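Engineer: One structure, as structure tokens, below. Some questions next.
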Amino acid sequence: MPPDPRFHPAPVPRSLAEIAAATGAALPEGADGSGRITGAAPLQAALPGEISYLDNRRFLDALRATRASAVLLRAEHAGHAPPGTLALIVADPHLAFARASSLLHPLPAPRPGIHPTAVVAPDARIGEGCEIGPYAVIGAGAEIGARSIVEAHAVIGPGCVFGEECRIMAHATVSHTLAGRGVRLHPGARVGQEGFGFAAAPDGSFVSVPQLGRVILGDFVEIGANACVDRGSGRDTVLGAGTRLDNLVQVGHNVETGRGCVIVAQAGLAGSARLGDFVTLAGQAGVAGHVTVGSGARVGAQSGVMADVPPKTDVVGSPAWPARLTLKAFARLKAIAEAPTAPAGQAGE
Amino acid sequence: MPPDPRFHPAPVPRSLAEIAAATGAALPEGADGSGRITGAAPLQAALPGEISYLDNRRFLDALRATRASAVLLRAEHAGHAPPGTLALIVADPHLAFARASSLLHPLPAPRPGIHPTAVVAPDARIGEGCEIGPYAVIGAGAEIGARSIVEAHAVIGPGCVFGEECRIMAHATVSHTLAGRGVRLHPGARVGQEGFGFAAAPDGSFVSVPQLGRVILGDFVEIGANACVDRGSGRDTVLGAGTRLDNLVQVGHNVETGRGCVIVAQAGLAGSARLGDFVTLAGQAGVAGHVTVGSGARVGAQSGVMADVPPKTDVVGSPAWPARLTLKAFARLKAIAEAPTAPAGQAGE
Amino acid sequence: MPPDPRFHPAPVPRSLAEIAAATGAALPEGADGSGRITGAAPLQAALPGEISYLDNRRFLDALRATRASAVLLRAEHAGHAPPGTLALIVADPHLAFARASSLLHPLPAPRPGIHPTAVVAPDARIGEGCEIGPYAVIGAGAEIGARSIVEAHAVIGPGCVFGEECRIMAHATVSHTLAGRGVRLHPGARVGQEGFGFAAAPDGSFVSVPQLGRVILGDFVEIGANACVDRGSGRDTVLGAGTRLDNLVQVGHNVETGRGCVIVAQAGLAGSARLGDFVTLAGQAGVAGHVTVGSGARVGAQSGVMADVPPKTDVVGSPAWPARLTLKAFARLKAIAEAPTAPAGQAGE
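Chains as they are written, first to last, in the working numbering: chain R, 1305 to 1653; chain C, 1305 to 1653; chain S, 1305 to 1653.
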């Protein structure tokens, strides 16, 4: 089923040679590099002319039955491609498919221009080829890099800077922020607002601590729909290059992440938490304030990290322990629950 | 206490006969069906002329003291109504009260017209009797069914379709979406944005996978304030008819739910999760990617569903186990914690 | 490092005497009360002329090395201030620093005026000195107290009332709400929308219960970015004076909190939950419907409160137990997981 043309432009056909070049696949001997690929789809849905991929042997049956003209796969699975389907051997089929699909379905280019209803401060600098949508508001002294898109109703505060080819989507709000190139804020993302900092007075009232820092977003950072990134209280909140936040993620003030972290939906980082490079937080996980999670560590869904996690460590549970320990703990707890009697020496229920 | 007239229009008085017809209650012999009911309220707050309900015997004392002119209740409680209060016997008093209250307090009708500040694409089709609020943006080729309301600042992307009597509330954003009739999006709901799909390249960068699907919303679907529903990556994200999402819920790409699912606040469904019909997820629960929860199953608050759940099964805990097992596990764990010594053979603390 | 002048106005210099008066510090004998303080910063970052604070003996080394001209600290640490740094003795250094910093960095005053693009109902009452931003929408009969700021795109529904010196930030939406003075709604906050109330009919459809209450916000209430507060179903949803909600918090209909509650990011209160005064909910915690948490109680991160909590009690875990019990339970569970064999009499794994 090709993408619904009401929402997605038709794919840009590419030659097999172009696909091979983009994905690092070697064209099999005798294959015609000028053959046209007209779309990308899962194995079951792909039509003749389209490209697909196999990443998991669970889907070998779907491979054998596919109508795709070409399939990206690892060498060990190439023999299962049906006749008429070209096997394109790659090291990482999912990555190769992402590249092929991106080639066939490039992001829509900006339609340069500023909508007449946009309110752009006279001294804001809007780069060449930008598209500024209806009712966007861009504050004094802000800079938007070339070929960026600011969608309807987005609000960019005074002094904010975005690099080239950014995309600030509908209803996002930004203040106190310096962002690199290729940064993407999804609808309703909130970036740069005040952090949650205050002191309690003896009469029970709270005194807010002025939040005097900024948000620094590295190149290609993405922030999901309705996710929130508070600015620093004194130093900055920093998201390293390539870090991606899913929807409804919370990032407190002074958080710092390294490069390429992945924070899945509804996870949260409390104030001053630190992540190394390539840390993954699964959905609804949380990291406590001032805690450090080392590079390459992975935090399981709904886990609660209360203490530092060494690099390259998988932790799970709330409180989060090494994954193996938590799995064993829950297996034994289950056995305790299933046993006819409570453990010896215990009061039972 | 009648509703604050600054915010709520006065109730539309109804006759007892109308109330009885709407709720399926039989008017007691000799009751005057033309008597006026002028409002709906809880037992303690109801004034003469108003209707109330009793759903739980915990509130029998409140029933005995109520000033309501009529009370919806089950037969077994009818004898406790005070003199002067008409007992209207129904099978499900809460449902009957919802119907009576809806009759007395109908949703405000749209005030037909397009606010002069709304930006509506010339080829968008706005049905008869729609109300389009200030600063709403409706994209090319979009269709809004008759008698719908699009509130202030809502953004509806190109090609989106809504059936009749929908309500897209203030600041909601929608793209890549086909919606049935009676669909309601609460303020700040995000529907149809890109899913969280990408592949990691060897250099640590991520390559986005184009998200080529749509969101399909069945009739009468409701999506809570600031909740997020991502569009599919290739196939569609589908919410079955009558499904209701509370505030701040996350629905990843390719999720499919059946009819009448209830997803309570801050719960999340990871990509490609599937729910049968009438599944309930309590608050802050999560369902992992590609997992299926069977029809009629119920998932407890803060639970984490990591594996398929059979139909009509209650699960609780993170990881989620059958409710009874988790309750027993935590009861025994509590006993272990309260015991003077750790279980025999253990290292203790 | 002084705050980035692109985002933060320069501090307002204050005399030491002013700082001492605001923080309750006694100026040491012989100190020159007319000395200028030109900024506030952490110990390591403070420059000569600036003020800092020491709250924790962990940072005594930073104190010894600071270049700050004055430091707020407790008497027992005064001897560690380096020569040239004035030790200002206070009972609560963090609170004193919040006050000093607020004096040096006052909130920007409103720039009185209504942006020409704002849509303000003719009978709305806008107090003296208010700033109403671009594309703000203020409904019929609404009242905004003097010296308040309504930022870009905020939508305030008909009849809503705000006291003096409120700040409704960009993209916040409000309906059915009465708010005191000094109330602050952060970007994307949703206040007053319909609660999640409905009854299931035998055919599987849901019948909404009209939500006829309001939201009442006490003086100085703060609501974080993208947080949601539903209006009451019949009675009101009430947040007591000084209560602060962090980002992405959920408050269901009919919730009532006392004074000065602190609800950290992504926590949630289900319908009709009640908090006493000065209750703290840490991040991602949840309180079930109709449950009461007593004054001064504290609920740990990710905890799930399923039953009433007495005043001044710390609870942790999901389900939430007294903190000590949960800590012991998890310590013993860890020991069980680490032991070579499962507890005696158990089936093992």
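Glycine residues also receive a C-beta, built at the ideal position from the N, C-alpha and C atoms. Predicted model, so just to flag it, every value in this text is computed and none were measured.
1) Does the Cβ of Leu1611(R) have 16 or more other Cβ atoms within 10 Å, making it buried, or fewer, making it exposed?
2) Taking Cβ positions, are Ile1460(C) and Val1478(C) nearer each other than 8 Å?
3) Span of the beta strand (DSSP E) holding Thr1481(S)?
4) Would you report the Cα separation of Ala1458(C) and Ile1520(R), rounded to the nearest angstrom?
5) If we ignore side chains and look at the alpha-carbon of each, how far apart do Glu1653(S) and Leu1549(R) end up?
6) For the putative contact between Ala1321(C) and Gly1337(C), defined by C-beta atoms under 8 Å, what is the C-beta separation to the nearest angstrom?
7) Measuring CB to CB, does Arg1429(C) end up less than 8 Å from Glu1455(C)?
8) Closest to Phe1363(C) by CA distance: which of Glu1354(C), Pro1352(C), Ile1355(C) and His1381(C) is it?
9) On a Cα-Cα basis, can you pick out the residue from Ala1391(C), Gly1593(C), Pro1614(C) and Ile1527(C) that is closest to Ala1605(R)?
10) Could you tell me which residues DSSP pairs with Ser1599(R) in its beta bridges?
11) With a threshold of 8 Å between beta-carbons, can Lys1632(S) be considered close to chain R, or not?
12) Closer than 8 Å is the cut-off here; do at least three beta carbon pairs connect the segment 1536-1546 of chain C with the segment 1561-1571 of chain R?
13) Using only the alpha-carbon positions, how far apart do Thr1377(R) and Gly1575(C) sit?
14) Give me the Cα-Cα distance between Gly1443(C) and Ile1527(R), rounded to the nearest whole angstrom.
15) State the DSSP-derived secondary structure class of Ala1651(R), mapped to helix, strand or coil.
16) Where Ala1577(S) and Arg1471(S) are concerned, what is the direct C-alpha to C-alpha distance, given to the nearest angstrom?
17) Thinking C-alpha only, which one of Lys1638(C), Gly1590(C), Leu1351(C) and His1384(C) is nearest Asn1307(C)?
18) Using a Cβ-Cβ distance cut-off of 8 Å, determine whether Gly1484(C) contacts chain R.
19) In chain R, which residues lie with their C-beta within 8 Å of the C-beta of Arg1518(C)?
20) Would you kindly work out how many angstroms separate the C-alpha atoms of Asp1540(R) and Asp1534(R), rounded to a whole number?
21) Output the distance between the C-alpha atoms of Ala1569(C) and Ala1601(C), rounded to the nearest integer angstrom.
22) By the three-class DSSP mapping on this structure, what secondary structure does Ser1356(S) have?
23) At a Cβ cut of 7 Å, what residues of the segment 1338-1366 of chain C count as close to chain S, listed as they run along the chain?
24) State the DSSP-derived secondary structure class of Ser1319(R), mapped to helix, strand or coil.
25) Give a yes or no on whether the minimum CB-CB distance between Pro1614(C) and chain R is below 8 Å.
26) For Leu1552(R), return the contacting residues in chain C, with the cut-off set at a CB-CB distance below 7 Å.
27) So, helix, strand or coil for Thr1630(C), using DSSP?
28) Report the option in Ala1643(S), Leu1358(S), Lys1632(S) and Ala1646(S) whose CA atom is closest to the CA atom of Thr1645(C).
29) Give every residue of the same chain whose Cβ lies closer than 6 Å to the Cβ of Ala1483(S), excluding the five residues on either side of it in the sequence, and list them in chain order.
30) Go through its chain and collect everything with a Cβ distance to Cys1532(C)'s Cβ below 6 Å, but skip five positions before and after it.
31) Taking 8 Å as the threshold (beta carbon to beta carbon), is Leu1637(S) in contact with chain C?
32) Which residue marks the beginning of the beta strand (DSSP E) containing Asp1618(R), and which one marks its end?
33) With a cut-off of 8 Å, does the C-beta of Glu1653(R) fall near any C-beta of chain S?
34) Could you pull out every residue in the same chain whose Cβ sits closer than 6 Å to the Cβ of Ala1450(S), ignoring the five residues on either side in sequence?
35) Please find out if some non-hydrogen atom of the ligand HEM comes closer than 7 Å to the beta-carbon of Val1620(C).
36) At 3 residues or longer, and completely inside the segment 1536-1617 of chain C: list those beta strand (DSSP E) runs for me, N to C.
Structural biologist: According to the data block:
1) Here residue 1611(R) refers to the residue found at position 307 when the first sequence is read from its first residue. The displayed chain sequence assigns Ala, not Leu, to residue 1611(R). With fewer than 16 other beta carbons inside 10 angstroms of its own, Ala1611(R) counts as exposed.
2) The sequence position of residue 1460(C) within the second sequence is 156, counting from 1. The sequence position of residue 1478(C) within the second sequence is 174, counting from 1. A contact, by the Cβ cut-off of 8 Å.
3) Against the third sequence, residue 1481(S) aligns to sequence position 177. From DSSP, the beta strand (DSSP E) with Thr1481(S) extends over Thr1481 to Ala1483.
4) As a position in the second sequence, residue 1458(C) is number 154, starting the count at 1. As a position in the first sequence, residue 1520(R) is number 216, starting the count at 1. So the alpha carbons of these two residues sit roughly 29 Å apart.
5) The residue given as residue 1653(S) occupies position 349 in the third sequence. The residue given as residue 1549(R) occupies position 245 in the first sequence. Below a pLDDT of 50, predicted positions are generally treated as unreliable, and Glu1653(S), at 40, falls in that range; no measurement from the model is reported.
6) Along the second sequence, read from residue 1 onward, the residue named residue 1321(C) stands at position 17. Along the second sequence, read from residue 1 onward, the residue named residue 1337(C) stands at position 33. Indeed, because the Cβ distance is near 3 Å, the residues count as touching under 8 Å.
7) Taking the second sequence and counting its residues from 1, the one referred to as residue 1429(C) is at position 125. Taking the second sequence and counting its residues from 1, the one referred to as residue 1455(C) is at position 151. The answer is no: Cβ separation not under 8 Å.
8) Position 59 of the second sequence, counting from 1, holds the residue named residue 1363(C). Among Glu1354(C), Pro1352(C), Ile1355(C) and His1381(C), the Cα nearest to that of Phe1363(C) belongs to His1381(C).
9) Your numbering for residue 1605(R) matches position 301 in the first sequence. Measuring from the Cα of Ala1605(R), the nearest candidate turns out to be Gly1593(C).
10) Numbered from 1 along the first sequence, position 295 holds the residue referred to as residue 1599(R). Answer is none; Ser1599(R) lacks a bridge partner.
11) Within the third sequence, the letter at position 328 stands for residue 1632(S). So no, Lys1632(S) is outside the interface.
12) no
13) For the purposes of this step, residue 1377(R) is identified with residue 73 of the first sequence, where counting begins at 1. For the purposes of this step, residue 1575(C) is identified with residue 271 of the second sequence, where counting begins at 1. Checking the displayed sequence, the identity of residue 1377(R) turns out to be Leu instead of Thr. Straight-line Cα distance between these residues: approximately 23 Å.
14) Position 139 of the second sequence holds residue 1443(C). Position 223 of the first sequence holds residue 1527(R). Going from the Cα of Gly1443(C) to the Cα of Ile1527(R) covers about 24 Å.
15) Along the first sequence, read from residue 1 onward, the residue named residue 1651(R) stands at position 347. Caution is warranted here: a pLDDT of 45 is assigned to Ala1651(R), below 50, making its placement in the model unreliable, and the coordinate value is therefore given only provisionally. Looking at Ala1651(R) - three-state DSSP - the assignment turns out to be coil, as it is neither helix nor strand.
16) As a first step, residue 1577(S) is located in the third sequence; it is residue number 273 there, counting from the start. As a first step, residue 1471(S) is located in the third sequence; it is residue number 167 there, counting from the start. Near 27 Å, if we compare the C-alpha coordinates of Arg1471(S) and Ala1577(S).
17) Counting from 1 along the second sequence, the entry for residue 1307(C) is found at position 3. Residue identity differs from the one stated: residue 1307(C) is Pro in this sequence, not Asn. Ranking Lys1638(C), Gly1590(C), Leu1351(C) and His1384(C) by Cα distance to Pro1307(C) puts Leu1351(C) first.
18) The count along the second sequence starts at 1 and reaches residue 1484(C) at position 180. So no, Gly1484(C) is outside the interface.
19) Indexing the second sequence from 1 puts residue 1518(C) at position 214. Going along chain R in sequence order, the residues near Arg1518(C) (Cβ under 8 Å) are Asp1308 and Phe1311.
20) Translated into positions along the first sequence, residue 1540(R) becomes position 236. Translated into positions along the first sequence, residue 1534(R) becomes position 230. Rounded to the nearest whole angstrom, the CA to CA distance from Asp1540(R) to Asp1534(R) is 9 Å.
21) Counting from 1 along the second sequence, the entry for residue 1569(C) is found at position 265. Counting from 1 along the second sequence, the entry for residue 1601(C) is found at position 297. Going from the Cα of Ala1569(C) to the Cα of Ala1601(C) covers about 18 Å.
22) Counted from its first residue, the third sequence places residue 1356(S) at position 52. Note: Ser1356(S) maps to strand in three-state DSSP.
23) Those residues of the segment 1338-1366 of chain C that come within reach of chain S (Cβ to Cβ, closer than 7 Å) are Ala1345, Pro1346 and Ala1349.
24) As a first step, residue 1319(R) is located in the first sequence; it is residue number 15 there, counting from the start. If DSSP states are grouped into helix, strand and coil, Ser1319(R) belongs with the strands.
25) Taking the second sequence and counting its residues from 1, the one referred to as residue 1614(C) is at position 310. Not one chain R Cβ lies under 8 Å of Pro1614(C).
26) For this step, residue 1552(R) is matched to residue 248 along the first sequence. Correct list: Cys1532, Leu1552 and Gln1554.
27) Counted from its first residue, the second sequence places residue 1630(C) at position 326. Note: Thr1630(C) maps to helix in three-state DSSP.
28) Sequence index remark: in the second sequence, residue 1645(C) carries index 341 (1-based). It is Lys1632(S).
29) One-based indexing of the third sequence puts residue 1483(S) at position 179. The residues are Phe1466 and Leu1521.
30) Looking up residue 1532(C) in the second sequence gives position 228. Counting only Cβ-Cβ distances below 6 Å, and skipping sequence neighbours, we find Arg1494 and Gln1554.
31) Taking the third sequence and counting its residues from 1, the one referred to as residue 1637(S) is at position 333. By this cut-off, Leu1637(S) is an interface position.
32) Locating residue 1618(R) in the first sequence gives position 314, where the first residue counts as 1. Asp1618(R) -> beta strand (DSSP E) spans Asp1618 to Val1620.
33) The count along the first sequence starts at 1 and reaches residue 1653(R) at position 349. Interpretation of Glu1653(R) is limited by its pLDDT of 40, a score under 50 that renders its predicted location unreliable; no figure is taken from the coordinates.
34) Within the third sequence, residue 1450(S) is the residue found at index 146, counting from 1. Answer for Ala1450(S): Gly1431, Glu1432, Gly1433 and Glu1468, listed in chain order.
35) Looking at this structure, you won't find the ligand HEM or any other ligand, since it has none at all.
36) 1541-1543
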